[in-house]
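A.B. asks: Counting from 43, one number per residue, gives the positions in the sequence shown under this note's numbering.
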Amino acid sequence: MSGSPSTIRVAIIGGGIASAALLRGLLRHSHIAADIYESQPSFKAEGHTISLTSAAEEILLKLDPSLDDCLSRAEAVYTATDTRIASGPYAGQLVDSPSVQDYKERMVDPQRLLDELLRGTPPRMIHANSRIASITEISPGGGVMLTFVGGTQKKYDIVVGSDGVHGITREFVLGPDDPALRPQHTGVWRIPIKVPYKKALNAMGPEFLDPHRPCQTSWIGDGTYLQHDFMGAGKDVHITAYAIDSEYSPDSSWASLLTPEEFGAVFASIPLPVCRGMVNLIQSLYTVQIAGISYMQHKPARTYVTKNAALIDDAAHSVLAVRGVNALVGLEEAYILSMLLGQLSSKAAIPAALQAFDHVCRPRAEEAVRHTIQCGLVTIGRDQEVGLDPYLMGPRLQYHWQVLKESKIEAQQADSLQLMSQLLAQQ
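(1) Taking only three categories from DSSP, how would you classify W443?
(2) Using DSSP with H/G/I as helix, E/B as strand and the rest coil, what is T421?
(3) Between which two residues does the beta strand (DSSP E) containing P234 stretch?
(4) Whose CA, out of P107, G206, L109, I50, lies closest to the CA of S61?
(5) Thinking C-alpha only, which one of H254, I392, S380, I286 is nearest F272?
(6) In the DSSP assignment, find the beta strand (DSSP E) that holds I286 and state where it starts and stops.
(7) Tell me which residues share the same chain as G56 and place their Cβ nearer than 6 Å to its Cβ, disregarding the 5 neighbours each side in the sequence.
(8) Across which residues does DSSP place S176 in a beta bridge pair?
(9) Going by DSSP, what residues sit across from V119 in a beta bridge?
(10) Could you tell me which residues DSSP pairs with A352 in its beta bridges?
(11) Under 7 Å between the Cβ atoms of I50 and L65?
(12) According to DSSP, what are the bridge partners of T91?
(13) Using alpha carbons as the reference points, say which of M435, P405, A390 lies closest to Q416.
(14) Grouping DSSP H, G and I as helix and E and B as strand, with all else coil, what is Q143?
(15) Going by DSSP, name the residue or residues bridged to A53.
(16) Under 7 Å between the Cβ atoms of V279 and Y239?
(17) Is K349 near the ligand MN, in the sense that its beta carbon is under 6 Å from a heavy atom of that ligand?
(18) Taking the alpha-carbon positions, what's the V119 to D110 distance?
(19) Going by DSSP in three states, G265 sits in which element: helix, strand or coil?
(20) With 16 other CB atoms within 10 Å as the buried threshold, where does T194 fall?
(21) Reducing DSSP to helix, strand and coil, say where H71 ends up.
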């Protein structure tokens with residue numbers, strides 16, 4: 043687009059990886075002035091390791107070519123991915139599927155990746171410990187006002203929300219009465235921990251912690267799921283336990299509280315020593331009470347945008363962490379949005395850019411949600427047609443993973459630019 047655009051001010055709400063990736067993409071455009079806000083005292087990416095597909099790596103380079111070595115600096119490693127049965131007559135057996143056994147990706151500690159994405163960004167753009175009390179539209183076409191706890195106000199042309207399942211931006215975009223505003227409980231809880239390699243080795247044994255074979259290994263039980271991410275000797279082992287809460291209700295709290303004994307009983311049907319070791323490690327860290335964090339899920343939203351705001355990542359949807367698909371979709375959205383905003387010739391073109399973003403990114407995200415939910419049912423042993431049969435499970439997972447890992451970022455880019463041009467021509 044021709045012309046010398048005036049400065050467009052963008053506020054990014056939320057300090058996660060997708061937010062930081064969006065900031066890196068926007069920094070390449072001189073007509074955009076961006077700030078990123080995090081309510082916590084520092085920018086933290088919590089949780090277990092992130093899996094990055096080759097498509098996700100390519101998108102990082104499209105966002106900013108200078109990120110070519112950020113994964114190396116973050117000490118990401120290529121890993122194998124194994125999926126095994128944890129209980130029942132097939133306990134210990136490997137799930138037989140080419141996409142399960144041969145699919146390689148890079149694992150990285152989320153905090154290390156976030157630090158690398160923020161490395162070199164101007165400090166004036168980075169705002170931790172900044173809690174937003176309200177977001178209001180100044181007037182049609184007049185921008186957005188952020189009011190912070192304490193009374194400070196700042197005006198922006200665009201607000202991008204990536205502030206999580208319970209963030210403030212989703213209500214601004216959808217409205218207070220939208221049926222898709224509040225997340226729903228899925229009935230599944232999770233407990234992530236990190237333990238030193240030697241401690242994990244003593245508890246779990248050496249078979250699945252081979253220092254020459256970094257691997258993400260999943261164990262599928264009857265209503266339970268265990269995963270350990272091993273990136274090499276000397277590095278912490280990331281362990282996550284998942285289980286279905288049989289007593290949950292739509293009004294359940296954010297966590298299921300269990301005693302160590304109750305937690306052990308949930309996984310009592312799993313006989314494998316490596317799995318027993320993971321359960322014992324969690325019990326050794328939480329000797330009084332264990333809080334299983336509830337998995338919350340958004341209902342499909344009718345839109346991700348208004349005329350001056352957009353939702354990305356977990357503020358927009360609930361793509362589950364299946365083989366790195368959640369990270370992939372978040373990076374896709376960060377790239378498409380930064381690319382479209384980089385094309386703006388004036389503030390009057392903002393609504394067209396946001397509509398184009400919604401047109402291509404929302405269907406992709408909602409498709410990913412559907413497929414990851416189906417994967418989730420399989421991997422927690424609740425797919426009625428598959429059960430705990432590895433021979434049936436392999437083809438089912440292969441079908442979903444083939445759909446999920448295929449990024450069509452070039453087509454998304456072309457489609458969004460075409461729609462944006464059409465919308466601007468109609469103005």
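Even glycine gets a Cβ: it sits at the ideal position worked out from N, Cα and C. Note that the structure is a prediction, hence the values are computed from the model and not measured.
C.D. replies: So, from the data block:
(1) In the sequence shown, counting from the first residue as 1, residue 443 sits at position 401. Residue state, collapsed to three classes: helix.
(2) Residue numbering aside, residue 421 sits at position 379 when the sequence shown is read from its first letter. In the structure shown, T421 sits in a helix (DSSP, three-state: H, G or I).
(3) Position 192 of the sequence shown, counted from the start, is the residue given in the question as residue 234. 226 to 237 is the span of the beta strand (DSSP E), which, as asked, contains P234.
(4) For the purposes of this step, residue 61 is taken as the residue at position 19 of the sequence shown. Of all alpha-carbon atoms in P107, G206, L109, I50, the one lying nearest the alpha-carbon of S61 is that of G206.
(5) Locating residue 272 in the sequence shown gives position 230, counting from the first residue. H254 is the residue among H254, I392, S380, I286 whose C-alpha sits nearest the C-alpha of F272.
(6) Within the sequence shown, residue 286 is the residue found at index 244, counting from 1. Following the DSSP letters along the chain, one finds I286 inside the beta strand (DSSP E) bounded by residues 279 to 286.
(7) As a first step, residue 56 is located in the sequence shown; it is residue number 14 there, counting from the start. Cβ-Cβ distances below 6 Å link G56 to S204, D205 in the same chain, with the five nearest sequence neighbours on each side left out; the list follows chain order.
(8) One-based indexing of the sequence shown puts residue 176 at position 134. Beta-bridge pairing links S176 to T189.
(9) On the sequence shown, position 77 is the one that residue 119 refers to. Here V119 is bridged, per DSSP, to M149.
(10) Sequence index remark: in the sequence shown, residue 352 carries index 310 (1-based). BP columns for A352 point to V202, V347.
(11) As a working mapping, residue 50 is identified with position 8 in the sequence shown. As a working mapping, residue 65 is identified with position 23 in the sequence shown. Not a contact, by the Cβ cut-off of 7 Å.
(12) The residue you call residue 91 lines up with position 49 of the sequence shown. For T91, no pairing in a beta bridge is given by DSSP.
(13) Position 374 of the sequence shown, counted from the start, is the residue given in the question as residue 416. Checking every option, the nearest Cα to that of Q416 belongs to M435.
(14) By one-based count along the sequence shown, residue 143 stands at place 101. At Q143 the pLDDT is 48, less than 50, meaning the model places this residue with poor confidence and gives no usable figure here.
(15) Against the sequence shown, residue 53 aligns to sequence position 11. Within the DSSP bridge table, the entry for A53 names D77, V201 as partners.
(16) As a working note, residue 279 is residue 237 in the sequence shown. As a working note, residue 239 is residue 197 in the sequence shown. Result yes, Cβ atoms of V279 and Y239 sit closer than 7 Å.
(17) The ligand MN is absent from the structure shown, which contains no ligand whatsoever.
(18) Residue 119 sits at position 77 when you count from the first residue of the sequence shown. Residue 110 sits at position 68 when you count from the first residue of the sequence shown. Approximately 15 Å between the Cα atoms of the pair.
(19) Against the sequence shown, residue 265 aligns to sequence position 223. For G265, the three-state secondary structure derived from DSSP is coil.
(20) If you number the sequence shown from 1, residue 194 lands on position 152. Under this definition T194 is an exposed residue.
(21) Counting from 1 along the sequence shown, the entry for residue 71 is found at position 29. In this structure, H71 counts as coil in the three-state DSSP scheme.
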